[in-house]
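Visitor: I am attaching a structure below and will ask some questions about it afterwards.
Residue numbers (the working numbering), protein chains in the order written: chain A, 1 to 479; chain B, 480 to 721.
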């Protein structure tokens, strides 16, 4: 990792934790799909170079890609990385003479002695006056082992060609197929028997006013036709929205899918302008959800106070303390009021905290009654680093320092003070079904990754993650 | 709601002591006896033990238990069953040898003025219907404390298993005299409701005790051991004697 330069430091300080944007120096345009190489994440952008991250959360410059040009993509095939990029990038008013090239490298780490790109080879091109712009490469290695490349812009068609996964060259005799119009920055992904074509609509490269947005169509056949959710072909301009502007960020473009585990997926792209970072174009990583067979951008957990609800039964995580009854007058079901009913105050922390033990308190799961022992405040701990899911959080009872902690016995408890210890730091991923996975940064005495589970309806614990089990899933409710 | 209606039917004040009194609903006239009402038999729920040993059922539920006649423990509502209340009241000694002796079927203990008997039963259901254990033997059904004991023989060391209990209402469970599980609050009996931490059951004999407390309403419990992956532990031998 490069040390901070004096010039980059103020920008890094500006890049504070927030939902939907990475920190450090996440400045990039047209990012490639994330690649993981020897313990680090990489993404490459337009104009050469790219970003590196040790944890997926904090990014810095330092990735190297020769050739310049526009909008590369990268994919791991076997023990090598194939990079595709465009030598040109004329845009709407420029030339449409373009070429897509591919090249290999054994590693993406520029410090490695093995870091050496092969000579790039042309795999697709467009003439100056043709209904295609041969830029914006996207690669898919399909489950059947076939390698596909999509490319093109608004100027004409999005085209599909097949490459040889051994050489990265165009398959002999392969002819381009038109699969979409009216979009750019395309990429194919595959899931559950469907090929999905993701492309970017809207206005590129207009900063805070960019309307760039990512859409999708799908097909059972890699060759198409790619149809959207209302039956419209992407050759007719169709496409279902995946992500558009949100949370003071505009211009979502250049989709990439990262599968971390079954049910744990991320989408990488750029925001053309992050309003909180001076309108710079930045790398974004969001949870990727799947709803009714369609991909959509998820919502990373934001700081706040929540009920933490078990997907297993719908009960909520709470301190194992005495339930303190609210002493309000009980109303008869059929009584006739002579005055309007007056509101009842919610129970406050000060009403009950003296009844709680001072030291460690076990946690359990129980009926949610919006009581102080059930209200958890999630606060980012940026100094603890992060992951692709975002920063680590501390999880404390609202209004206190009492923190949720993993134990050596692979159980959970609450401790009276948050100390910043790794067993008190929590990674929170939104899963593909919209629920959340809650995972301690480290469990003392355990090397295997463990997550917060519902061992029983009313018993939390730590265990191996299983996407097929509701025991491993949680919801954050603001009830 | 069930407890509320029960309280009304029993003519008990349905309000708790700390609440502001409000007007009672008018007392309803009792309904006439239902024609063709089912005749309940204890054998539909519990049958006397006739074999030396038993095993957990196909789902791992332990059905063989020594049950003590209900101890009179007046509670007009189950909302008092906080952790503190339960630790205080489950921690009391009600009869001699409560946490040390393995009772024999037919033996008697004294609890205050009550003379109570131990009974060895196999449950016909996955759960043990304590309410029917009491009602069909014309014993007290509400405001009661039940004790249940069984003996488990483990053929091997069982590591990282959990004791899984559902009970109506609150209960506490001990293995070999060590507190293993507390189910607090006004509870309904739910399969796999509350789990112990991971425990090791060493090869050999272990005594499992439970105390189940209830005010008004149904009383029952279900108990089994689960492995880490959630599969039930079935290769146990259950007996009611040393």
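C-beta: ideal position from N, C-alpha, C; glycine also.
What three-state label does DSSP hand residue 389 (chain A) in the structure shown?
Guide: What you label residue 389 (chain A) is simply residue 389 of the first chain in a count that begins at 1. Coil at residue 389 (chain A), not helix or strand.
Visitor: What separation, rounded to the nearest whole angstrom, lies between the Cα atoms of residue 536 (chain B) and residue 633 (chain B)?
Guide: What you label residue 536 (chain B) is simply residue 57 of the second chain in a count that begins at 1. What you label residue 633 (chain B) is simply residue 154 of the second chain in a count that begins at 1. Going by the C-alpha atoms only, they are around 15 Å apart.
Visitor: Return helix, strand or coil for residue 475 (chain A), following the three-state DSSP convention.
Guide: Position 475 of the first chain holds residue 475 (chain A). Residue state, collapsed to three classes: strand.
Visitor: How many Å lie between residue 436 (chain A) and residue 182 (chain A) at the Cα?
Guide: Residue 436 (chain A) sits at position 436 when you count from the first residue of the first chain. Residue 182 (chain A) sits at position 182 when you count from the first residue of the first chain. Approximately 35 Å, taken between the alpha carbons.
Visitor: Would you say residue 459 (chain A) lies against chain B (beta-carbon separation less than 8 Å)?
Guide: On the first chain, residue 459 (chain A) is found 459 positions in, with the first residue counted as 1. Yes, residue 459 (chain A) lies at the interface with chain B (some Cβ there is under 8 Å from its Cβ).
Visitor: Would you grab the beta carbon distance between residue 464 (chain A) and residue 416 (chain A) for me? Rounded to a whole angstrom, and I think it's under 8 Å.
Guide: Position 464 of the first chain holds residue 464 (chain A). Position 416 of the first chain holds residue 416 (chain A). The Cβ separation is near 29 Å, so there is no contact.
Visitor: Tell me the DSSP secondary structure of residue 669 (chain B) in three-state form.
Guide: As a working note, residue 669 (chain B) is residue 190 in the second chain. In the structure shown, residue 669 (chain B) sits in coil (DSSP, three-state: anything other than H, G, I, E or B).
Visitor: Just to confirm the assignment, what range does the alpha helix (DSSP H) spanning residue 677 (chain B) have?
Guide: Within the second chain, the letter at position 198 stands for residue 677 (chain B). No alpha helix (DSSP H) holds residue 677 (chain B); DSSP gives it neither H nor E.
Visitor: Should the region 327 to 339 of chain A be regarded as contacting the region 370 to 390 of chain A, the criterion being three or more beta carbon pairs within less than 8 Å?
Guide: No, the region 327 to 339 of chain A is not in contact with the region 370 to 390 of chain A.
Visitor: Between residue 173 (chain A) and chain B, is the shortest Cβ-Cβ distance under 8 Å, so that the two count as touching?
Guide: In the first chain, residue 173 (chain A) corresponds to position 173, counting from 1. No, because no Cβ of chain B sits closer than 8 Å to the Cβ of residue 173 (chain A).
Visitor: Taking the alpha-carbon of residue 22 (chain A) as reference, which of A:376, A:469, A:397, A:274 has the nearest alpha-carbon?
Guide: On the first chain, residue 22 (chain A) is found 22 positions in, with the first residue counted as 1. Among A:376, A:469, A:397, A:274, the Cα nearest to that of residue 22 (chain A) is on A:274.
Visitor: Below 7 Å on C-beta distance, what does residue 563 (chain B) contact in chain A?
Guide: Indexing the second chain from 1 puts residue 563 (chain B) at position 84. In chain order: 322.
Visitor: Kindly list, in the order they appear in chain B, the residues whose Cβ is closer than 7 Å to that of residue 455 (chain A).
Guide: The sequence position of residue 455 (chain A) within the first chain is 455, counting from 1. In chain order: 641, 674.
Visitor: With a threshold of 8 Å between beta carbons, is residue 311 (chain A) in contact with chain B?
Guide: On the first chain, position 311 is the one that residue 311 (chain A) refers to. Judged by the 8 Å Cβ criterion, residue 311 (chain A) is not in contact with chain B.
Visitor: What residues of chain A sit near residue 669 (chain B), judged by a beta carbon separation below 8 Å?
Guide: Sequence index remark: in the second chain, residue 669 (chain B) carries index 190 (1-based). Those within 8 Å of residue 669 (chain B) in chain A are 457.
Visitor: Is residue 659 (chain B) close to chain A? Criterion is C-beta to C-beta, closer than 8 Å.
Guide: Residue mapping note: residue 659 (chain B) aligns to position 180 of the second chain, counting from 1. No, its Cβ sits nowhere closer than 8 Å to a Cβ of chain A.
Visitor: Establish whether the CB of residue 506 (chain B) and some CB of chain A are separated by less than 8 Å.
Guide: Residue 506 (chain B) sits at position 27 when you count from the first residue of the second chain. Not an interface residue.
Visitor: Going by the CB atoms, is the gap between residue 199 (chain A) and residue 256 (chain A) shorter than 8 Å?
Guide: One-based indexing of the first chain puts residue 256 (chain A) at position 256. One-based indexing of the first chain puts residue 199 (chain A) at position 199. For residue 256 (chain A) and residue 199 (chain A), no; Cβs fall outside 8 Å.
Visitor: Using a C-beta cutoff of 8 Å, does residue 325 (chain A) count as contacting chain B?
Guide: Within the first chain, numbered from 1, the residue matching residue 325 (chain A) stands at position 325. Yes, its Cβ sits closer than 8 Å to a Cβ of chain B.
Visitor: So, is residue 111 (chain A) buried or exposed, given that buried needs 16 or more other C-beta atoms within 10 angstroms?
Guide: As a first step, residue 111 (chain A) must be located in the first chain, where it is residue number 111. Exposed, by the Cβ-count rule.
Visitor: Have a look at residue 692 (chain B) and residue 608 (chain B) and give me their C-alpha separation to the nearest angstrom.
Guide: Reading the second chain from its first residue, position 213 is the one you call residue 692 (chain B). Reading the second chain from its first residue, position 129 is the one you call residue 608 (chain B). Going from the Cα of residue 692 (chain B) to the Cα of residue 608 (chain B) covers about 13 Å.
Visitor: With a 10 Å radius around its C-beta and 16 neighbouring C-beta atoms as the bar for buried, classify residue 471 (chain A) as buried or exposed.
Guide: Position 471 of the first chain, counting from 1, holds the residue named residue 471 (chain A). Residue 471 (chain A) should be labelled buried.
Visitor: Mapping DSSP to helix, strand and coil, what is residue 719 (chain B)?
Guide: Along the second chain, one-based indexing puts residue 719 (chain B) at 240. Residue 719 (chain B): coil per DSSP, three-state reduction.
Visitor: Rounded to whole angstroms, how far is the Cβ of residue 185 (chain A) from the Cβ of residue 342 (chain A), which I believe are closer than 8 Å?
Guide: The residue you call residue 185 (chain A) lines up with position 185 of the first chain. The residue you call residue 342 (chain A) lines up with position 342 of the first chain. In fact, because the Cβ distance is near 58 Å, the residues do not count as touching under 8 Å.
Visitor: According to a CB-to-CB cut-off of less than 7 Å, which residues of the region 697 to 711 of chain B neighbour chain A?
Guide: Listed by position along the chain: nothing, the set is empty.
Visitor: Given a threshold of 16 other Cβ atoms within 10 Å of its Cβ, counted over all protein chains shown, does residue 175 (chain A) qualify as buried or as exposed?
Guide: Taking the first residue of the first chain as position 1, residue 175 (chain A) is located at position 175. The residue is exposed, with fewer than 16 neighbouring Cβ atoms inside 10 Å.
Visitor: Take residue 694 (chain B) as the anchor and find which of B:576, B:610, B:702, B:674 has the nearest alpha-carbon.
Guide: Reading the second chain from its first residue, position 215 is the one you call residue 694 (chain B). That would be B:610, whose Cα lies nearest to the Cα of residue 694 (chain B).
Visitor: Give me the subset of the region 399 to 418 of chain A whose CB atoms are less than 8 Å from a CB atom of chain B, sorted by chain position.
Guide: Cβ contacts with chain B: 409, 410, 411.
Visitor: Determine whether the Cβ of residue 663 (chain B) lies closer than 8 Å to any Cβ atom of chain C.
Guide: Protein chains in the displayed structure are A and B, and chain C is not among them.
Visitor: Could you tell me whether the Cβ atoms of residue 212 (chain A) and residue 202 (chain A) are closer together than 8 Å?
Guide: Against the first chain, residue 212 (chain A) aligns to sequence position 212. Against the first chain, residue 202 (chain A) aligns to sequence position 202. Yes; because the gap between Cβ atoms is below 8 Å, this pair is in contact.
Visitor: Checking contacts by CB at 8 Å: is residue 688 (chain B) closer than that to chain A?
Guide: As a position in the second chain, residue 688 (chain B) is number 209, starting the count at 1. For residue 688 (chain B), the answer is no, since every Cβ of chain A falls outside 8 Å of its Cβ.
Visitor: At least one CB of chain B closer than 8 Å to the CB of residue 449 (chain A): is that the case?
Guide: In the first chain, the residue the question calls residue 449 (chain A) occupies position 449. It does not: the Cβ of residue 449 (chain A) has no partner Cβ on chain B nearer than 8 Å.
Visitor: In terms of alpha-carbon separation, which member of A:149, A:375, A:324, A:291 lies closest to residue 315 (chain A)?
Guide: Counting from one through the first chain, the residue named residue 315 (chain A) turns up at place 315. The option with the nearest alpha carbon to residue 315 (chain A) is A:375.
Visitor: Can you pull the chain A residues whose beta carbon is under 9 Å from the beta carbon of residue 558 (chain B), in chain order?
Guide: Indexing the second chain from 1 puts residue 558 (chain B) at position 79. Within 9 Å Cβ-Cβ: 323, 325.
Visitor: Considering only their Cβ atoms, is the gap separating residue 629 (chain B) from residue 525 (chain B) smaller than 8 Å?
Guide: Mapped onto the second chain, residue 525 (chain B) falls at position 46. Mapped onto the second chain, residue 629 (chain B) falls at position 150. Against a cut-off of 8 Å, the Cβ pair of residue 629 (chain B) and residue 525 (chain B) comes out as no contact.
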